[in-house]
Every structure is written in C-alpha cells, then in structure tokens.
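One structure is given below, encoded as structure tokens.
In our numbering, the protein residues as written are 60 to 257.
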C-alpha cells in the first residue's frame with residue numbers, strides 16, 4: 060500500500076477511489092480489515108482527492124460453499140443463521156466505484172455500501188433451496204473452527220487468526236458502519252446474485 064500511495068502522490072492524479080471495508084474506521088479488533096484501514100490512511104495522506112468505498116459482507120462470499128449446498132443440502136457459515144447481515148454484490152460495488160470515478164471527488168469522502176436489504180444465512184439457504192430445487196439448511200460453525208478451516212484453505216496461522224478476530228468482532232457487533240444513516244444501497248438482490256453464482 061505504501062508503494063501505491065507513493066505512486067499516487069508522484070502521478071499527481073486528481074482523484075482516487077479506494078475499496079476499503081465496513082469497519083475501516085476502527086483501529087483494532089477487526090482482523091484483516093486493519094489492512095484496509097491502513098490503506099485509507101496511506102492514500103488519504105497521498106491523494107489530492109480520495110473516495111473511500113466501505114462495503115459490507117460480499118454476497119459472493121457464499122460461492123465457496125455452493126458445492127456443499129448442492130451436494131449435501133447444507134450451507135456452512137460462521138455467521139449465526141438468523142442474524143440479519145448487510146450484504147452486497149461485488150457487481151454493485153464495481154458499478155458504484157465506477158460511478159464515483161466518473162463523478163470525481165473533492166477532498167476525502169467515505170461512501171458506505173450495502174445491498175438492497177439485509178439478509179440472514181437462513182435466507183441465503185432458503186434462496187439457494189429455491190434455485191437448486193432442494194432443501195438447503197444453514198449450518199452454524201463455531202468460531203473456534205475458523206482457524207482450522209482457514210488453515211485447511213492454505214492460510215498461514217497468522218492470517219487464520221486475523222479472520223477469527225474479524226468473525227468474532229462481527230458476532231459481537233463490534234464491526235459496523237461509521238455513518239449508517241447515509242448508506243448507498245446496491246440494486247442486486249441476494250436471489251439474483253446467488254442465481255448468477257449457481
């Protein structure tokens with residue numbers, strides 16, 4: 060990120076749009092989101108005008124568990140199945156980012172993003188069930204399974220611990236929006252996003 064900030068400063072580019080994350084304003088306890096926070100600060104010091112995008116949970120994060128939904132009728136999740144969570148399609152993030160680039164910017168701005176409404180893992184499972192034509196049930200995995208799960212994906216101990224920290228903070232409500240009253244909402248529904256992924 061330091062190299063990117065240095066390149067922005069040297070280039071004299073008039074406006075930068077940076078993809079950060081919900082919770083980018085929080086100093087600690089957010090796991091990998093801390094890297095996005097660092098990026099916000101580095102670019103904030105280097106860019107003439109900076110628009111920071113802070114999306115929530117990506118709808119596309121469900122793609123890796125579609126195989127389990129198709130094959131076993133289960134939707135593994137570290138999120139409590141009935142918890143209503145802001146989710147957004149990465150297609151909406153890309154569109155909003157492009158719009159921000161075209162509009163330009165003055166000073167440093169924060170644009171916090173969400174989908175058209177909040178969804179729970181239970182709703183994700185129900186939507187997948189309709190798409191697949193078979194019952195799908197959200198299966199809650201305990202937070203002590205985060206580290207072994209991420210390590211099985213090839214993540215290092217340190218990276219896996221960061222994800223555990225992030226999920227723990229989400230589960231306690233410690234990570235949220237800085238300006239929830241001014242959310243910019245996407246238009247792609249959960250069902251549309253899942254249908255594309257399936």
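Note that beta-carbon positions come from the ideal geometry of N, C-alpha and C, so glycine has one too.
On a Cα-Cα basis, can you pick out the residue from 126, 214, 151, 63 that is closest to residue 114?
Numbered from its first residue, the chain shown carries residue 114 at position 55. Residue 151 is the option with its Cα nearest to residue 114.
Are the CB atoms of residue 188 and residue 249 within a distance shorter than 8 angstroms?
Translated into positions along the chain shown, residue 249 becomes position 190. Translated into positions along the chain shown, residue 188 becomes position 129. Contact: no.
Answer yes or no: do residue 134 and residue 196 have a C-beta to C-beta separation smaller than 8 angstroms?
Residue numbering aside, residue 134 sits at position 75 when the chain shown is read from its first letter. Residue numbering aside, residue 196 sits at position 137 when the chain shown is read from its first letter. Contact: yes.
Quick check on this structure: which residue in 202, 194, 169 has the alpha carbon closest to the alpha carbon of residue 181?
Sequence index remark: in the chain shown, residue 181 carries index 122 (1-based). Nearest of 202, 194, 169 to residue 181, Cα basis: 194.
What did DSSP end up calling residue 181 once you bin it into helix, strand or coil?
By 1-based counting over the chain shown, the position of residue 181 is 122. Helix at residue 181.
Quick one: is residue 246 buried, meaning 16 or more other Cβ sit within 10 Å of its Cβ, or exposed?
Numbered from its first residue, the chain shown carries residue 246 at position 187. It is exposed - the Cβ of residue 246 has fewer than 16 other Cβ atoms within 10 Å.
Using the rule of at least 16 other Cβ atoms within 10 Å of the residue's Cβ for burial, across every protein chain shown, is residue 171 buried or exposed?
Here residue 171 refers to the residue found at position 112 when the chain shown is read from its first residue. The residue is buried, with at least 16 neighbouring Cβ atoms inside 10 Å.
Skipping 5 residues on each side, what residues in its chain have a beta carbon closer than 7 angstroms to that of residue 60?
In the chain shown, counting from the first residue as 1, residue 60 sits at position 1. For residue 60, where only same-chain residues beyond five positions count, the Cβ hits under 7 angstroms are 97, 98, 101.
Which residue spans inside the stretch 177-251 form an unbroken alpha helix (DSSP H) run of at least 4?
Qualifying alpha helix (DSSP H) stretches, in chain order: 180-191, 205-211, 216-231.
Around the C-beta of residue 212, are 16 or more other C-beta atoms found within 10 angstroms, so that it is buried, or is it exposed?
Residue 212 sits at position 153 when you count from the first residue of the chain shown. Burial call: exposed.
Out of 109, 66, 78, 191, which one is the CA nearest neighbour of residue 94?
Walking along the chain shown from the start, residue 94 turns up at place 35. It is 78.
Same chain only: Cβ atoms within 6 angstroms of residue 222, ignoring 5 sequence neighbours per side:
Counting from 1 along the chain shown, the entry for residue 222 is found at position 163. Excluding sequence neighbours, residue 222 sits near 90, 205, 209.
Coarse secondary structure for residue 152, derived from DSSP in three states
On the chain shown, residue 152 is found 93 positions in, with the first residue counted as 1. Residue 152 falls in the helix class under three-state DSSP.
Taking the straight line between their C-alpha atoms, what separation do you get for residue 81 and residue 118?
Mapped onto the chain shown, residue 81 falls at position 22. Mapped onto the chain shown, residue 118 falls at position 59. So the two alpha carbons sit approximately 14 angstroms from each other.
Specify, as a first and last residue, the run of the alpha helix (DSSP H) that residue 92 falls within.
The sequence position of residue 92 within the chain shown is 33, counting from 1. 92-105 is the extent of the alpha helix (DSSP H) around residue 92.
Helix, strand or coil for residue 75? Go by DSSP, reduced to three states.
Along the chain shown, one-based indexing puts residue 75 at 16. The answer is strand: DSSP assigns residue 75 an E or B state.
Can you pull the DSSP bridge partners for residue 168?
Against the chain shown, residue 168 aligns to sequence position 109. Beta-bridge pairing links residue 168 to 110.
Looking only at DSSP bridge pairs, what is residue 134 linked to?
Taking the chain shown and counting its residues from 1, one reaches residue 134 at position 75. Residue pairing for residue 134: DSSP places it in a beta bridge opposite 197.
To the nearest whole angstrom, what separates the beta carbons of residue 256 and residue 122, a pair I think is in contact under 8 angstroms?
By 1-based counting over the chain shown, the position of residue 256 is 197. By 1-based counting over the chain shown, the position of residue 122 is 63. Between residue 122 and residue 256 the Cβ distance is about 5 angstroms, and since that is below 8 angstroms, they are a contact.
Give every residue of the same chain whose Cβ lies closer than 7 angstroms to the Cβ of residue 67, excluding the five residues on either side of it in the sequence, and list them in chain order.
As a first step, residue 67 must be located in the chain shown, where it is residue number 8. Hits under 7 angstroms: 75, 102, 105, 106.
Do residue 153 and residue 111 have their C-beta atoms closer together than 8 angstroms?
Residue 153 sits at position 94 when you count from the first residue of the chain shown. Residue 111 sits at position 52 when you count from the first residue of the chain shown. It is not a contact, given that the beta carbons lie outside the stated cut-off.
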